[in-house]
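Under my numbering, the very last position in the sequence shown is 479; numbers go up by exactly one each time.
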Amino acid sequence: MSRLLTVNVVLFSLREDTLQVLLAAPAGTPILPAEPPGAGESLEGAANRLIAALIDRRETYLEQLYTYGEAGETLRVVYFALVPAGARLGDGAKARWVPAAGQAGLTAGESEVLVYALRRLRYKLEYSAVGFQLLPGEFTLSELQHTYEIILGETLDKRNFRRRMLHSGIIEETPRLRVGDGRPARLYRYRPDAVAEVKARRLFP
275 MSRLLTVNVV LFSLREDTLQ VLLAAPAGTP ILPAEPPGAG ESLEGAANRL
325 IAALIDRRET YLEQLYTYGE AGETLRVVYF ALVPAGARLG DGAKARWVPA
375 AGQAGLTAGE SEVLVYALRR LRYKLEYSAV GFQLLPGEFT LSELQHTYEI
425 ILGETLDKRN FRRRMLHSGI IEETPRLRVG DGRPARLYRY RPDAVAEVKA
475 RRLFP
């Protein structure tokens, strides 16, 4: 007898100065978004279809996380996705953003999935350039550092962070400045030709 199969997606985004996760609430109870794959549809295709139904952004970082399911249970293939803050919910999407740390009334099993996804995100942040997926196309070094601090949940030394990030070769200056109340700040962008796996333990010794 074949087992039921669903695809879950844990969507992270930086909103209201916190790392948030998107939860679906089709019947009022918050759950991680899930859909069964269609006939002939790949698992990644199902995950992308689910994301497209929830948010208005076409390109989203997506990575397979883990497969859950004891004998006799529905087999759940879980992905995690990173969504820039500017992405909006799709029309008719029954979902809401909530702080990832709170776990927002999820069942014990789904809380376990969320905790693992967050741990995986923090781990990848320390050796790859994945954090840039949560940022706008251009950003200041202060905004970049603040993003890393929010996700890692710790304060990073400003001088050390900037020196190592600039020496890593994964960002480049733009000719533009962020103008505000204080001193104008240089805007940077992620170099698309940079090596994604930067062994960023150099960035966070």
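Virtual Cβ for every residue (Gly too), placed ideally from N, Cα, C.
>> On the DSSP letters alone, give me the boundaries of the alpha helix (DSSP H) that residue 423 sits inside.
In response: On the sequence shown, position 149 is the one that residue 423 refers to. Element bounds for residue 423: 415-426.
> Taking C-beta to C-beta, are residue 239 and residue 399 nearer than 8 Å?
Replying inline: This structure does not reach residue 239, given that the chain is present from 275 up to 479, and the question cannot be answered.
>> What residue range does the alpha helix (DSSP H) around residue 402 cover?
In response: Counting from one through the sequence shown, the residue named residue 402 turns up at place 128. Where residue 402 is concerned, there is no enclosing alpha helix (DSSP H), given that its DSSP letter is neither H nor E.
> In three-state terms, what does DSSP make of residue 275?
Replying inline: Here residue 275 refers to the residue found at position 1 of the sequence shown. Residue confidence for residue 275 is low, a pLDDT of 48 falling below 50, so the modelled location carries little weight; the figure read from the coordinates is stated next. In this structure, DSSP gives residue 275 a state outside helix and strand, which the three-state scheme calls coil.
> Looking only at C-alpha atoms, which of 419, 394, 412 sits nearest to residue 352?
Replying inline: As a working note, residue 352 is residue 78 in the sequence shown. When each option's Cα is compared against that of residue 352, the closest is 394.
> What is the rounded straight-line gap between the Cα of residue 310 and the Cα of residue 341?
Replying inline: Here the question's residue 310 lines up with position 36 in the sequence shown. Here the question's residue 341 lines up with position 67 in the sequence shown. Each residue's alpha carbon lies about 14 Å from the other.
> So who's on the other strand from residue 363, going by DSSP bridges?
Replying inline: As a working note, residue 363 is residue 89 in the sequence shown. 329.
> Between the stretch 458-465 and the stretch 410-420, do three or more beta carbon pairs fall short of 8 Å?
Replying inline: yes
>> I need the straight-line Cα distance from residue 295 to residue 447, nearest angstrom please.
In response: On the sequence shown, position 21 is the one that residue 295 refers to. On the sequence shown, position 173 is the one that residue 447 refers to. Cα to Cα, the separation comes out at about 31 Å.
>> Alpha carbons only, please: which of 348, 337, 326, 324 is nearest the one belonging to residue 407?
In response: Against the sequence shown, residue 407 aligns to sequence position 133. Comparing Cα-Cα distances from residue 407 to each of 348, 337, 326, 324, the minimum goes to 337.
>> Output needed for residue 291: all residues of its chain with C-beta closer than 6 Å, excluding positions within five of it in sequence on either side, in chain order.
In response: Counted from its first residue, the sequence shown places residue 291 at position 17. If we look at residue 291 and ignore the five residues flanking it on each side, it has no Cβ neighbours.
> What first and last residue would you give for the alpha helix (DSSP H) that runs through residue 433?
Replying inline: Against the sequence shown, residue 433 aligns to sequence position 159. Start and end: 432-441.
> On the three-state DSSP scale, how would you describe residue 385?
Replying inline: For the purposes of this step, residue 385 is identified with residue 111 of the sequence shown, where counting begins at 1. In this structure, residue 385 counts as helix in the three-state DSSP scheme.
> Around the Cβ of residue 303, are there at least 16 other Cβ atoms within 10 angstroms (buried) or fewer (exposed)?
Replying inline: Within the sequence shown, the letter at position 29 stands for residue 303. Label assigned to residue 303: exposed.
>> Buried or exposed, going by whether 16 or more other CB atoms sit within 10 Å of the CB of residue 287?
In response: For the purposes of this step, residue 287 is taken as the residue at position 13 of the sequence shown. So residue 287 counts as buried.
>> Can you tell me whether residue 374 is helix, strand or coil according to DSSP?
In response: Taking the sequence shown and counting its residues from 1, the one referred to as residue 374 is at position 100. In the structure shown, residue 374 falls within a coil segment according to DSSP collapsed to helix, strand and coil.
> Tell me which same chain residues have a C-beta within less than 6 Å of the C-beta of residue 436, skipping the five on either side of it?
Replying inline: Start at 1 with the first residue of the sequence shown, and residue 436 comes out as number 162. 415, listed in sequence order.
> With 16 other CB atoms within 10 Å as the buried threshold, where does residue 297 fall?
Replying inline: In the sequence shown, counting from the first residue as 1, residue 297 sits at position 23. The residue in question, residue 297, is buried, as its Cβ has 16 or more Cβ neighbours within 10 Å.
>> Within the continuous beta strand (DSSP E) that includes residue 296, where are the two ends?
In response: If you number the sequence shown from 1, residue 296 lands on position 22. 292-298 is the span of the beta strand (DSSP E), which, as asked, contains residue 296.
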